[in-house]
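Top to bottom, those sequences are chains A and B.
The first sequence begins at 1 in the UniProt record's numbering and counts up one residue at a time.
The second sequence begins at 1 in the UniProt record's numbering and counts up one residue at a time.
What follows is a single structure, written as C-alpha cells, with notes after it.
Protein chains: 2
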Amino acid sequence: METGWIEALQAKMGEKMISSRSDLDTYSYDAAFGEFFPEAVVYVTNTEAVSEVLKIANEYKVSVTPRGLGTGLSGGDLPVHGGITLDMTQWPASVEVFPNDLVARVSPGTLTSEIHAEAEKHGLMYPPDPSSSNISTIGGNLAENAGGPRGLKYGVTKDYVLGLEVVTPEGEIMHTGGHTIKNVTGLDLTKLMVGSEGILGMITGATLKLIPKPAAAQTVMAAFSTMEVAGQAVSKTLTSGILPAKMEFIDQACAQAVEKYEPLGLPTNVEAIVLVELDGHPTAVQEEAEAVSKIMKELGGTNISQPQTKEDALNMWKARRLVSPATANIKPTRASEDATVPRSQIPAMMARLAEIREKYDLLLVVFGHAGDGNLHPNILCDDRDPEEIERVKQAIEEIFQSALELGGTLSGEHGIGTMKSPFLEKELGPVGVDMMKRIKQSWDPNNIMNPGKIFPDKGQRLILSRAVERE
Amino acid sequence: METGWIEALQAKMGEKMISSRSDLDTYSYDAAFGEFFPEAVVYVTNTEAVSEVLKIANEYKVSVTPRGLGTGLSGGDLPVHGGITLDMTQWPASVEVFPNDLVARVSPGTLTSEIHAEAEKHGLMYPPDPSSSNISTIGGNLAENAGGPRGLKYGVTKDYVLGLEVVTPEGEIMHTGGHTIKNVTGLDLTKLMVGSEGILGMITGATLKLIPKPAAAQTVMAAFSTMEVAGQAVSKTLTSGILPAKMEFIDQACAQAVEKYEPLGLPTNVEAIVLVELDGHPTAVQEEAEAVSKIMKELGGTNISQPQTKEDALNMWKARRLVSPATANIKPTRASEDATVPRSQIPAMMARLAEIREKYDLLLVVFGHAGDGNLHPNILCDDRDPEEIERVKQAIEEIFQSALELGGTLSGEHGIGTMKSPFLEKELGPVGVDMMKRIKQSWDPNNIMNPGKIFPDKGQRLILSRAVERE
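Structural data, given as C-alpha cells:
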C-alpha cells in the first residue's frame, strides 16, 4: 500500500466516501466470523465509478473489498487487509425483462427476490432461490454462486448467467458472454467470474436466463424415526425417475427450535423430516406426489401429508426457512457449514455427523438440501467459552475431513472466503491451488481485489469469533 | 522449438509414436478447412502417458495438438504450428454409471452415443446430443463444449460436467470439481476447461451429471410459406409457457436436398419446416403437443403433423440429421457456420441471411437450432473457384457482423478454432481478449498447447480451402 491513496480517492469521490472510524463499524463484520475494519468506504452507483476506484486502488496498491448486504456466510465481504470497502447497496435496483428472449438484465444492487417478482409478471421464473433471497443482492449471489433449495432440479446461480459486465482489477470495463443461450466464443470468463468471490474483479451487471414458470407445484412432507432411513428415502426418490424441484431435510433439534420460535405444526417427536416440492404440469405433479408419498410410506415414513391449499404449503416452507433464525436463537454463536457429499453418501454423512456430535459433545443440528447432498450442519455454541470453541473447531475440521473422504467438497454453496481457505489445498491439491493462483496473479498483479479470500494467508486458521485470532 | 525433441519423445514412447510423412497425412485435416501436418503423432491411452508427452513438449517447447475423431467444425485439431498430435482414439472407451449419485465417469475416448446408451440402461439420460454423437468422442465434446438440438431445454455439454481430470501444459495432473451436484470450492476450473478448445491442457477424464430419462416424447412438424413466419412460430411457442426439448428449423433447399438424398416425406414446396420435440410426463407432453400445433396453425402453418409411432418420429428426426450430409453432396465445398442470436432476433437474422444470399449470389442454405437462436447457415460452393470463394468469404464476414449487430455471438457451439479467430476481437473487445490471453499465458508459458487456436496468429485470415493461404 502506497501513501497518498486516501487523499487521491477523496479528491475523486468526495461525498461518496467515508473514512471516519465511527462510520466504518458496520463494515467490519458480516454473517460469518471475524472483525476487520476497512480504512475507507466508497458508495458506488455506476460502472464508471467502480472503474475509477479500482484504477486508484491499483495505482496505490490498496486492497478493495466488495460488499452488498453482508449476508454471506464465508466472510467474502470482510476487509481482512483493510483498504477500501466498495459498498454496492446504493446502486439503483434494476430488472429489465426481455420476455421474447427469456432473459433479464439486472444491476448488481438488485434484491434477488425482486428478480423473482419481475420474472413472474411475465409468466417466467428465475430459478436460483438462496434462502436469503429477500435480504441479499444479485451482486453477492453472483460473486458467491449462490445455491438454494431449487438447485436440485434447476441448478445454481451460475447456470442462469449468460453474460456479465465486469470491471477488472486494473479498472478496465469488460463484457463477457452475452444475450444468447449458446455461446462458445473464447474462454468462458462468465462462469469463471461467477463464484470467484470478488478476487478477479467487480461484477457491475448481468444478463440472466429465465425459464417458463411451472404451471403447478405440490409439497409432500414425511417424518422418519431415524436419520438413516430419511437418507434412504431421499436416495430412493431420486432414483425412481422423479426429479423434485426441492428435497429438504430437517432434524429433530431444528424442528423443535422452529416450533418454539413459531409453531407451524412440524412433528417434533421424530428424528428427521423430509420436505419435497414437485413442480411442472398439474397431472405430472399429482402423480409424482403420490409416487413420492408411496416411497416414503414403504420406508416407514409417518406424518405423510400433501398440503391441499397454497397457504398450508407456504407454511411448511416457512418452517424450513425459519430453521436458520430459530436455531440461531438457541445459543449466542452459530457455525453454519455447507460441506456437500455425493447424493448416495447422504446416509453415511448423517452417520458421521452423529459421531462427531457425540465425540465433541456439541449441540450439532442438521438441516439442508438433502436432494443434492448439500447438508447444513450447524454447531450452536458460545464464542466466549474458549474450551467449547476449541471443540467446535475440531468438530468442523472433522466435518470437512468426512465430506472429502466421502467424495464430497468443502463448500456446496457458501463459498470459501476466509472461513474455509485454510482447508483449500486438502480438497484441490497443490496443483489445483497453483493453477487458480496463476489466474488471480495474471488478472490482479498487485493483489488488490478482495485479498485474504479463498487462498489462505500465511498461518491463517479457522476463525469462530467476532474478534480475530491470528498466530 | 528446440532440437532433440523428436528423439526424446521416441525414446519415451517407442511404438506409440509415428513420424513418417506418409503416416501423418490423415492427421493433416479435419471437418473444417486448412491442411497442416504434425511432425509426430503419439497414441496415448492413459493419463500418465499424456503427462510424459506434455513434460517433454514443454521442455523442448514443441506444439501439442489434441485429436479425437476429427469431426470438429472450427479446426480445433489441426496442428497449425506442427509439432505433436496427441491421438486420443486408442484410449479405451469407459462409462461407469453411479445410478444413486446420478453421475457417470467417462474416459476421453468414449463415443458420446455410448454414454447415452449406458445412461439409458439405468433409466437415466445424458442430455447433450451433438448431431455427431455417433462419430465424436466425449473428449472432443468437452474441449469444444458441444451443443446440439436438446440444448434448448437441457443446456450444453458444460452444464453436465461436474469434474475433470486434466493434465496441465506443464504435464502436472490435476482434478477439478468432483462428484457432487453443488461445488463452490475455489475458482471454477471445470467450466473454464470445458470449451477451452485444447489451449489450457488435456482433459483425460470427466464426471458427468445425469438426469432421470423423461417418460414420454412427442414430435410436432409444421411447414410455413415464409421463413419470417416460421421464426414467429418459434418465438410464439417459446413465450407460451412451453419449453420444448428441441425446436429445429429446415429451409426449403435443405428439405429438397434431404428428399433427394433419402426420401423421408419432408414437404419440399414450402420455405420453411419447423420440427419440435416435447418431452416429459405423458399427459403434459400430449397437452403441449396440442398447444404447439394450435400455435403453428394460427400462424398459418400447414402440413402440421404429430407422428403416432416411434418409427415415424424417428424418421422425422432422421431427416433433420441428414441435412448435413445431404447438403454436403450438392457442391464440393461447404462452409458451415453457427453464428447465434437472441431468440427474439431469429426472424431478423433470417431476413439478413436472405439479403446476404441475394447480395453475393451464393447457394446459402439454413437449418439449425431455431429454439435457441443457433442457426446453421451453410454456404455450398467450390473451393477451386477463387472468384466464388472470395464472395463466400465476404458473405461469412457479413454473417458474423449481422449476428453481432443483432446482439449475438460468432459461435454458438462449433468453437472459434482457426475458423473464427480473426473475428474474435470484434465480439470480445481488446480487454476481453487480453484477459483470456493472460490466463493462457499463466498456464502455458511456452505456448505449447494447441497454439494458433482461438487467438489469431499475426495476419491470419479466414481459410476456406484445404490448402492454406497466408499473407
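Ideal Cβ placement from N, Cα and C applies to all residues, glycine included.
As the structure is a computational prediction, the values presented were derived from the model and not from experiment.
| Asked | Found |
| --- | --- |
| Is it a yes or a no for the region 341-349 of chain A touching the region 295-315 of chain A, going by three-plus beta-carbon pairs under 8 Å? | no |
| Excluding five sequence neighbours on each side, which residues of the same chain lie with their C-beta closer than 6 Å to the C-beta of Val-53 of chain A? | Val-42 |
| From what residue to what residue does the alpha helix (DSSP H) around Ile-379 of chain A run? | No alpha helix (DSSP H) contains Ile-379 of chain A, which is instead part of the beta strand (DSSP E) from 374-381. |
| Please name the residue, chosen from A:Met-316, A:Ala-313, A:Asn-303 and A:Leu-243, that lies closest to His-281 of chain B on a Cα-to-Cα basis. | A:Leu-243 |
| Got a sec? Which residues, its chain only, sit under 7 Å from Ser-133 of chain A by beta carbon, not counting five neighbours each side? | Thr-112, Ser-113 and His-116 |
| Spatial neighbours of Thr-219 of chain B within its chain, please: C-beta separation below 6 Å, excluding the five flanking residues on both sides. | Glu-277, Pro-307, Ala-313 and Met-316 |
| Restricting to runs no shorter than 4 residues, where is the alpha helix (DSSP H) found entirely within the region 15-58 of chain A? | 21-24 |
| Using a Cβ-Cβ distance cut-off of 8 Å, determine whether residue 491 of chain A contacts chain B. | Outside the shown range of chain A (1 to 471) lies residue 491 of chain A, about which nothing can therefore be said. |
| What's the gap between the Cα of Glu-469 of chain A and the Cα of Gly-75 of chain A? | Low confidence applies here, because Glu-469 of chain A scores a pLDDT of 40, under 50, leaving its location unreliable; read the following figure in that light. Rounded to the nearest angstrom, the two C-alpha atoms are 15 Å apart. |
| Let me know if Arg-343 of chain A comes out buried or exposed under the rule of 16 or more other beta-carbons within 10 Å of its beta-carbon. | buried |
| For Leu-86 of chain B and Arg-67 of chain B, I'd like the C-alpha separation in whole angstroms. | 6 Å |
| Look at Leu-208 of chain A and Leu-162 of chain A and say whether their C-beta atoms are less than 8 Å apart. | yes |
| Pick helix, strand or coil for Glu-165 of chain B, following the three-state DSSP scheme. | strand |
| Answer yes or no: does any C-beta atom of chain A fall closer than 8 Å to that of Arg-105 of chain B? | no |
| Check Glu-298 of chain A in the structure and name its three-state DSSP category. | helix |
| Run down chain A in chain order and give the residues with a C-beta less than 8 Å from the C-beta of Ala-284 of chain B. | Gly-280, His-281, Thr-283 and Ala-284 |
| Can you pull the chain B residues whose beta carbon is under 8 Å from the beta carbon of Gln-441 of chain A, in chain order? | Ser-442 |
| What's the gap between the Cα of Leu-102 of chain B and the Cα of Val-234 of chain A? | 13 Å |
| Tell me whether Phe-98 of chain B sits in a helix, a strand or coil according to DSSP, three-state version. | strand |
| Counting only runs that start and end within the region 287-358 of chain A, where is the alpha helix (DSSP H) found for 4 or more residues in a row? | 310-328 |
| Is Val-392 of chain B helix, strand or coil by DSSP? | helix |
| By a C-beta neighbour count over all protein chains shown, 10 Å radius and 16 as the cutoff for buried, is Pro-355 of chain A buried or exposed? | Going by the sequence as given, residue 355 of chain A is Glu instead of Pro. That one is exposed. |
| Strictly under 8 Å for the Cβ-Cβ distance: is Ser-344 of chain A near chain B by that measure? | yes |
| Could you give the first and the last residue of the continuous beta strand (DSSP E) run that contains Leu-86 of chain B? | 84-87 |
| From the DSSP output, which residues share a beta bridge with Gln-218 of chain A? | A:Leu-278 |
| Compare the Cα-Cα distances from Thr-340 of chain B to each of B:Arg-384, B:Asp-251, B:Lys-236 and B:Gly-147 and report the closest residue. | B:Gly-147 |
| Alpha carbon to alpha carbon, what distance is there between Ser-63 of chain B and Asn-447 of chain B? | 7 Å |
| Compare the C-beta of Asp-188 of chain B with all C-beta atoms of chain A and state if any pair is closer than 8 Å. | yes |
| Taking the C-alpha atoms as reference points, what is the distance between Gly-373 of chain B and Asp-338 of chain B? | 10 Å |
| Between which residues of its own chain and Ile-135 of chain B is the CB-CB distance below 8 Å, once the five residues before and five after are set aside? | Leu-69, Thr-71 and Leu-111 |
| With respect to the beta strand (DSSP E) encompassing Gly-205 of chain B, which residues constitute its N-terminal and C-terminal limits? | 202-209 |
| Using a Cβ cut-off of 8 Å (strictly closer), state whether Arg-438 of chain B contacts chain A. | yes |
| At a Cβ threshold of 8 Å, is Met-174 of chain A touching chain B? | yes |
| For Ala-245 of chain A, does the count of other Cβ atoms within 10 angstroms reach 16, so buried, or fall short, so exposed? | buried |
| Which word fits Ala-216 of chain B, buried or exposed, when buried means at least 16 other C-beta atoms lie within 10 angstroms of its C-beta? | exposed |
| Report back the beta-carbon spacing between Ser-305 of chain A and Met-221 of chain A to the nearest angstrom; my notes put them in contact at under 8 Å. | 5 Å |
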